[in-house]
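First the structure, in the form of structure tokens, and then the observations on it.
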Amino acid sequence: MTNNLENSTDPKAKTGQLNENESKIPHVNGHIHTPYSFSAFTNVEQAFRLAAGENIKVLGINDFNTFDGYREFTEMGLKYNMYPLLNIEFMGLIAEFQRKGIRVNDPANPGRIYFSGKGMDFPVNLAGKNESKFNAVKQESLLQAKEMLEKASAYLKVFDPSLTLDYHEIMEKYTRGMLRERHIAKAIREKIYTKYSSGSDRESFLQTIFQKKEVKSSIDNLAGIENEIRSNLLKAGGPAFVKENTEAFLPLEEILEIIRSGGGIPCYPVLLDDNKGNFTEFESDKEQLLKNLQASNIFCIELIPDRNDFDIFKEFVQFFHAHGFIIIFGTEHNTPELKPLTVSARGNISLDDDLKNINYEGACIIAAHQYLRVRSKQSLNSADFSFTNTVKNDFIKLGETIISNYCSTKN
220 MTNNLENSTD
230 PKAKTGQLNE
240 NESKIPHVNG
250 HIHTPYSFSA
260 FTNVEQAFRL
270 AAGENIKVLG
280 INDFNTFDGY
290 REFTEMGLKY
300 NMYPLLNIEF
310 MGLIAEFQRK
320 GIRVNDPANP
330 GRIYFSGKGM
340 DFPVNLAGKN
350 ESKFNAVKQE
360 SLLQAKEMLE
370 KASAYLKVFD
380 PSLTLDYHEI
390 MEKYTRGMLR
400 ERHIAKAIRE
410 KIYTKYSSGS
420 DRESFLQTIF
430 QKKEVKSSID
440 NLAGIENEIR
450 SNLLKAGGPA
460 FVKENTEAFL
470 PLEEILEIIR
480 SGGGIPCYPV
490 LLDDNKGNFT
500 EFESDKEQLL
510 KNLQASNIFC
520 IELIPDRNDF
530 DIFKEFVQFF
540 HAHGFIIIFG
550 TEHNTPELKP
560 LTVSARGNIS
570 LDDDLKNINY
580 EGACIIAAHQ
590 YLRVRSKQSL
600 NSADFSFTNT
610 VKNDFIKLGE
620 TIISNYCSTK
630 N
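For the sequence shown, counting from 1, position 131 maps to 350 in our numbering; every step adds exactly one.
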């Protein structure tokens, strides 16, 4: 594959340094979920409005198993002069790791792997078997959620016959076509709060359906209550739990094929340390992790830093950056909690300029990739693409120009 960008003569581009002063590095959030899967946002525009208030210049959609939000997301990007990154997230399974008890980036489920595609085509055209596999995964996920909803409704009716959950009503009111556990938890919480008006009555009923377990969140903490409903009713051991069909989880190799066929850059979401300093087996040795990713021709990683200790996070990021990886950060917003969109490490510790610069570099590369996919279908997603430092730095320079022009356009 030829490289159209090698004629760059800007010495800063050749060293990977951006044309921004450290104090003026554009803010980037490369990973948020929207109501097209589940998120803290009421609608897509709310995410952009809040991001604009925090002076974010690049925002990335990263919904589970769906491209459906791309059109609205790009429209909001134009409206708010914010560059949109078009991403997707899958849940897969590495069967060998499951048998051996090796956790990847899901701390509770050995073999389970979350995996993203960055800079997908718009519109996405999956050909043949890839489209069939993608649609099958969506359908299996929907069927599992529907069965869970039915079990939850039957369970609630035992304690209060007036509390029913209607599938079609919930799909219409709470979703954009993809039903997930968090939609069900939200619907249950709203049904209870509508029926019971006082805080004490709400808490008493919740304790009853939690099988006498204490309600830990304040009754006014809606996000906390919904999380407790999900944990006590919908997760393993809960009365409405439904085991997921293994057909809803593709092998990693098939996920990579779908991402590449849809024009995207395969990107491994790093879990890193938990609040006790623990790591999964797959991520415990960063040098081995590097080798494993390189062996699968994966040279892009993303992190949600508010899960991580700042020092551990920074050392890890610098290590992968030194090995030429595309790196980008986000906030996820895949829970009911409406937290800030500005990326920070655990404990609300701000990123330093070095980390902000690495994040912006990643956004620039993905932006350049999206641009070139539209113009020529050349990209960074092909298995035979040689991602040299020269190529990386030329992509950074092109992406910086694209983002700058996009954000300064008068609509």
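For each residue, glycine too, the CB sits at the ideal point set by N, CA and C.
query                                                                                                                                                                             : result
Suppose you measure from the CA of C626 to the CA of H387; what does that come to, to the nearest Å?                                                                              : 40 Å
Tell me the rounded alpha-carbon separation between N240 and N608.                                                                                                                : Here the model assigns N240 a pLDDT of 44, short of 50, so the residue's position is not dependable and the matter cannot be decided.
Sort N497, I321, G482 by Cα distance to L331 and report the nearest one.                                                                                                          : Per the sequence shown, the amino acid found at residue 331 is Arg instead of Leu. Minimum Cα distance to R331 is reached at I321.
Output yes or no for whether 8 Å exceeds the beta carbon distance between L368 and I403.                                                                                          : yes
Distance check for S480 and E463, CA to CA, integer angstroms please.                                                                                                             : 26 Å
Out of curiosity, what's the CA-to-CA distance linking V277 and P488?                                                                                                             : 19 Å
Taking H588 as the reference, which of I244, L297, F283, P303 has the closest Cα?                                                                                                 : P303
What does the alpha-carbon distance come out to for the pair N300 and T628?                                                                                                       : 7 Å
Taking only runs that begin and end inside the stretch 259 to 297, name each unbroken beta strand (DSSP E) of 3 or more residues, in chain order.                                 : 275 to 283
Kindly list the residues whose CB is nearer than 7 Å to the CB of E359, restricted to its own chain and excluding five residues on each side of it in sequence; keep chain order. : N464, E466, A467
Specify, as a first and last residue, the run of the beta strand (DSSP E) that K337 falls within.                                                                                 : 331 to 337
Ordered along the chain, which non-local residues of its own chain (more than five positions away) have a Cβ less than 7 Å from that of E264?                                     : M295
Using the Cβ count rule (16 or more neighbours within 10 Å means buried), how would you classify F283?                                                                            : buried
D571: which of Q537, A266, R592 sits nearest, CA to CA?                                                                                                                           : Q537
Report back the beta-carbon spacing between K431 and E447 to the nearest angstrom; my notes put them in contact at under 8 Å.                                                     : Not quite, the Cβ-Cβ distance comes to about 14 Å (not below 8 Å), so this is no contact.
Return the CA-CA distance between V562 and F378, expressed in angstroms with no decimal places.                                                                                   : 42 Å
Spell out a yes or no on whether the stretch 244 to 254 and the stretch 538 to 549 are touching, meaning 3 or more CB-CB pairs, one atom from each, closer than 8 Å.              : yes
Pull up the DSSP beta-bridge partners for V536, would you.                                                                                                                        : Paired residue(s): none; V536 is not in a bridge.
Report the three-state DSSP secondary structure of M390 (helix, strand or coil).                                                                                                  : helix
Could you pull the start and end residues of the beta strand (DSSP E) that N306 belongs to?                                                                                       : 302 to 312
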